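Notes follow the structure.
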Amino acid sequence: MMKQLVAPEFAEELLRVGQAWRERHGDEGPACLAREEDAEPYRSFMFSQRMAQNAMRMVDRKRLKGVDVPLRYRNDLLLLKSPGAAGSTYHQDSSEHGSDRVGELQFWLALAQVTAQMGGMRFVSRSHREGPLGAVFNDDRGDLLEQFPNLTSLLELSPPFHYQPGDCTVHHGYMVHGGPPNSTDKSRWSYLFSYCPADTRYWNGDAGNRGSERKRMGDQENPIVLEPAKT
0 MMKQLVAPEF AEELLRVGQA WRERHGDEGP ACLAREEDAE PYRSFMFSQR
50 MAQNAMRMVD RKRLKGVDVP LRYRNDLLLL KSPGAAGSTY HQDSSEHGSD
100 RVGELQFWLA LAQVTAQMGG MRFVSRSHRE GPLGAVFNDD RGDLLEQFPN
150 LTSLLELSPP FHYQPGDCTV HHGYMVHGGP PNSTDKSRWS YLFSYCPADT
200 RYWNGDAGNR GSERKRMGDQ ENPIVLEPAK T
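In numbering that gives the first Met the number 0, the protein residues as written are 0 to 230.
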């Protein structure tokens with residue numbers, strides 16, 4: 000947990016802007032607000048040098064490659080979990096997205112208080128070291144906790160996190176995670192934003208990944224947010 004990654008006031012501003020955007024646009028498509036001109040400050044936040052440098056350090060491609068590689072915007076989503084909404088399936092993002100290498104990062108930022116009862120995120124500690132355990136969406140074999148019943152006896156399943164506005168968790172692409180249902184009468188608001196190294200190849204070269212041919216993403220839909228410093 001990164002306490003107060005952003006100030007509570009900034010998280011509240013993101014929430015106001017996001018709610019207003021949803022009122023204007025309804026459910027016409029995913030709320031990828033960092034790509035919308037009428038949703039500032041989402042874009043300036045996600046594309047800021049501060050956040051991009053944070054992500055590049057966490058990716059740490061330089062450790063094995065000798066140099067950093069450019070960092071790419073992968074996706075972002077304003078997330079609403081309504082009162083009574085079901086829990087989140089336990090899965091690994093990179094297994095679902097079809098990336099061909101490690102480095103994908105997901106930031107999950109609370110825009111308002113998120114209690115354990117509202118469906119706070121849970122993580123299987125150190126599960127990213129197990130590598131890809133398989134995609135589970137659109138599958139009839141259950142989620143990863145059901146398919147690998149020894150996972151939580153060998154590794155620790157965290158309790159649901161309690162977030163204050165501006166608190167954030169960040170997880171590796173192979174971190175097994177999910178969450179309980181929202182059993183309260185309050186809506187859960189959060190902002191998910193994701194980066195990946197620019198040399199990563201995805202099926203179809205698309206963040207949606209529908210197909211089997213691996214391609215690199217393009218600059219139009221997934222622009223570079225940071226180039227490595229010249230040495």
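Virtual Cβ for every residue (Gly too), placed ideally from N, Cα, C.
Bear in mind that the values here come from a model prediction, so they are computed numbers and not experimental data.
May I have the straight-line CA-CA distance separating residue 150 from residue 160, to the nearest angstrom?
Numbered from 1 along the sequence shown, position 151 holds the residue referred to as residue 150. Numbered from 1 along the sequence shown, position 161 holds the residue referred to as residue 160. Rounded to whole angstroms, residue 150 to residue 160 spans 20 Å at the Cα level.
So the candidates are 7, 216, 165; which of them puts its Cα closest to the Cα of residue 196?
If you number the sequence shown from 1, residue 196 lands on position 197. Looking at the Cα atoms, 216 is the closest of the given residues.
Might you give, ordered along the chain, the residues of its own chain that have their beta carbon closer than 8 Å to the beta carbon of residue 199, omitting 5 neighbours on each side?
Mapped onto the sequence shown, residue 199 falls at position 200. Excluding sequence neighbours, residue 199 sits near 71, 98, 99, 100, 102, 103, 215, 216.
Express the C-alpha separation of residue 230 and residue 115 in angstroms, rounding to a whole number.
Within the sequence shown, the letter at position 116 stands for residue 115. Within the sequence shown, the letter at position 231 stands for residue 230. Each residue's alpha carbon lies about 46 Å from the other.
Based on the DSSP output, what are the partners of residue 31 in its beta bridges?
Translated into positions along the sequence shown, residue 31 becomes position 32. None, per the DSSP bridge assignment.
Can you name the residues that DSSP bridges to residue 188?
Counting from one through the sequence shown, the residue named residue 188 turns up at place 189. Looking at the DSSP assignment, residue 188 forms a beta bridge with 79.
Buried or exposed: residue 80, going by 16 or more other Cβ atoms within 10 Å of its Cβ?
Within the sequence shown, numbered from 1, the residue matching residue 80 stands at position 81. Residue 80 comes out buried.
Taking contact to mean at least 3 C-beta pairs separated by less than 8 Å, is the stretch 142 to 149 in contact with the stretch 105 to 121?
Output reads no: the stretch 105 to 121 does not touch the stretch 142 to 149.
Who are residue 173's beta bridge partners in DSSP?
Numbered from its first residue, the sequence shown carries residue 173 at position 174. Answer is none; residue 173 lacks a bridge partner.
What separation, rounded to the nearest whole angstrom, lies between the Cα atoms of residue 224 and residue 178?
Looking up residue 224 in the sequence shown gives position 225. Looking up residue 178 in the sequence shown gives position 179. Cα to Cα, the separation comes out at about 30 Å.
Under 7 Å Cβ to Cβ from residue 119, same chain only, skipping five residues before and after it: list those, please.
Reading the sequence shown from its first residue, position 120 is the one you call residue 119. Excluding sequence neighbours, residue 119 sits near 113, 159, 160, 161, 162, 178.
Does the Cβ-Cβ distance between residue 76 and residue 4 come in under 7 Å?
Locating residue 76 in the sequence shown gives position 77, where the first residue counts as 1. Locating residue 4 in the sequence shown gives position 5, where the first residue counts as 1. Contact: no.
To the nearest angstrom, how far is it from the Cα of residue 64 to the Cα of residue 58?
Taking the first residue of the sequence shown as 1, we reach residue 64 at position 65. Taking the first residue of the sequence shown as 1, we reach residue 58 at position 59. Their backbone Cα atoms lie some 12 Å apart in a straight line.
Please list the terminal residues of the continuous alpha helix (DSSP H) segment that includes residue 225.
Counted from its first residue, the sequence shown places residue 225 at position 226. It is not in any alpha helix (DSSP H) - residue 225 instead sits in the beta strand (DSSP E) that spans 223 to 225.
Smallest Cα separation from residue 155: which of 9, 181, 126, 140?
Your numbering for residue 155 matches position 156 in the sequence shown. For residue 155, the nearest C-alpha among the options comes from 126.
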